[in-house]
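Here the structure comes first, spelled out in structure tokens, and everything after it is commentary.
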Amino acid sequence: MKLYAALLAVLLAAGCAGTGAGPDPWRATNERVFAFNETVDRYALEPVARAWDFVLPDFAQRRIADFLDNLGRPVTAVHDILQAKPLSAFRHVWGFAMNATLGIGGLFDVAGMAGLEHDPEDFGQTLAHWGVPGGPYVVMPFLGPSNFRDSNAIFADILISPQFLLPDFPDAAFLAQRGAGILNARAAALEEIEESRATSVDFYVFVREAWMQNRARQIRDGAPPPADDDFYDIDDLDDLDEEDLE
3 MKLYAALLAV
13 LLAAGCAGTG
23 AGPDPWRATN
33 ERVFAFNETV
43 DRYALEPVAR
53 AWDFVLPDFA
63 QRRIADFLDN
73 LGRPVTAVHD
83 ILQAKPLSAF
93 RHVWGFAMNA
103 TLGIGGLFDV
113 AGMAGLEHDP
123 EDFGQTLAHW
133 GVPGGPYVVM
143 PFLGPSNFRD
153 SNAIFADILI
163 SPQFLLPDFP
173 DAAFLAQRGA
183 GILNARAAAL
193 EEIEESRATS
203 VDFYVFVREA
213 WMQNRARQIR
223 DGAPPPADDD
233 FYDIDDLDDL
243 DEEDLE
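Counting with this note's numbering, you get residues 3 to 248 for the letters of the sequence shown.
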């Protein structure tokens, strides 16, 4: 794993050479993709999410969220092992077993109530654990904020998901499960996103900085940043552009 991460770090450094300073050297392209995503959200995803929120009571939405969250525990356990964190891996496996049994198939987060919270891990975090830098900020069509490392790592997580590995699991069911997760999450954030759009001076910059800060926190496993860490210094990237600071 260390050798693989080192190789990716070298390839990433070579591929990103000459992209310019700052965390967002591809801003022009990113803003166009961001505008496309905003259009899709406003005219497709948000209306459906509002209907979803109107039809389903909060209790049902919470059960869906707990069920889908529990499905992610085995994937997190795999990444815990890849990051040499066996105790965390055991905690997530045990939490999955508790929810699958006592939690009625994962509909109730019994493990979380018992103190075994789910701290999601993905392949991007695993690569970061072994020293692969994030690289330039990237906005992906439909998927939203990411960076060069994570946008490539996302496909590895799909390949190791329990649903994808089951030979008899229909593709339609896999897509339906992913779609339900997206709608449920979007319905839960309706008011938050609406308020952020209305109050932020530049919604693109707001989303970018919020994502970068949250991603840095995830990679640190929730630990506070070092005392000498620059507020905007994410994955060895440079400070913000002067345009953003204005």
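Where is the CB? At the ideal position from N, CA and C, for every residue including glycine.
Same chain only: Cβ atoms within 7 Å of residue i, ignoring 5 sequence neighbours per side
i      : result
Thr128 : His81, Leu84, Gln85
Phe47  : Phe is not the amino acid found at residue 47; the sequence shown has Leu there. For Leu47, where only same-chain residues beyond five positions count, the Cβ hits under 7 Å are Arg188.
For residue i, the three-state DSSP class (helix, strand or coil)
i      : result
Pro228 : coil
Arg210 : helix
Gln220 : helix
Ala56  : According to the sequence displayed, residue 56 carries Phe and not Ala. Reduced to three states, the DSSP call for Phe56 is helix.
Ile160 : helix
Leu104 : coil
Ser90  : helix
Pro76  : helix
Gln179 : helix
Gly97  : helix
Leu118 : coil
Val50  : helix
Gln85  : coil
Glu123 : coil
Ala191 : coil
Phe69  : helix
Asp204 : coil
Asp111 : coil
Asp26  : coil
Phe144 : coil
Val35  : helix
Val42  : helix
Anticipated Cβ contact below 8 Å, residue i with residue j, distance rounded
i      : j     : result
Ala189 : Gln63 : 6 Å
Ala152 : Val77 : For the record, residue 152 in the displayed sequence is Asp; it is not Ala. Not really, about 15 Å apart at Cβ, beyond 8 Å.
Arg217 : Asp26 : The Cβ separation is near 14 Å, so there is no contact.
Leu146 : Asn39 : For clarity, residue 146 is Gly in the given sequence; the question names Leu instead. Going by Cβ atoms, the distance from Gly146 to Asn39 rounds to 6 Å, so yes, they are a contact pair.
Ala1   : Ala91 : Because the chain in this structure spans residues 3 to 248, residue 1 falls outside the shown range and cannot be described.
Residues that DSSP places opposite residue i in a beta bridge
i      : result
Tyr139 : Asn149
Neighbour flag for residue i against chain B, beta carbons, 8 Å
i      : result
Ile184 : Checking the listed chains, one finds no chain B in this structure; it contains a single protein chain.
Same chain only: Cβ atoms within 6 Å of residue i, ignoring 5 sequence neighbours per side
i      : result
Leu118 : Arg93, Gly97
Leu70  : Gly183
Asp204 : none
His120 : Asp71, Arg75
Arg29  : none
Straight-line Cα distance separating residue j from residue i
i      : j      : result
Gly107 : Arg65  : 10 Å
Arg222 : Trp132 : 12 Å
Leu161 : Leu177 : 14 Å
Val50  : Ile184 : 11 Å
Phe144 : Val42  : 8 Å
Pro138 : Ala99  : 38 Å
Asp55  : Ala191 : 10 Å
Met142 : Ser148 : 7 Å
Phe61  : Tyr206 : 33 Å
Phe150 : Gln215 : 16 Å
Pro228 : Val134 : 19 Å
Glu33  : Gly224 : 29 Å
Ala130 : Gln220 : 10 Å
Arg52  : Gly126 : 31 Å
Val35  : Tyr45  : 16 Å
Ser163 : Ile195 : 29 Å
Asp157 : Asp124 : Per the sequence presented here, residue 157 reads as Phe, with Asp not at that position. Using only the alpha carbons, I get a separation of about 10 Å.
Glu193 : Phe110 : 25 Å
Asn186 : Val57  : 12 Å
Pro226 : Ala37  : 33 Å
Gly114 : Pro122 : 13 Å
Val31  : Ser198 : In the sequence as displayed, the identity of residue 31 is Thr instead of Val. Roughly 22 Å separates the two Cα atoms.
Beta-carbon proximity list for residue i, same chain, < 8 Å, skipping 5 on both sides
i      : result
Pro88  : Asp82
Val112 : Met100, Asn101, Leu104, Gly105
Ser202 : Phe208
Residue i Cβ short of 7 Å to the ligand ADP heavy atom set
i      : result
Arg219 : As for the ligand ADP, it is missing from this structure, which has no ligand bound.
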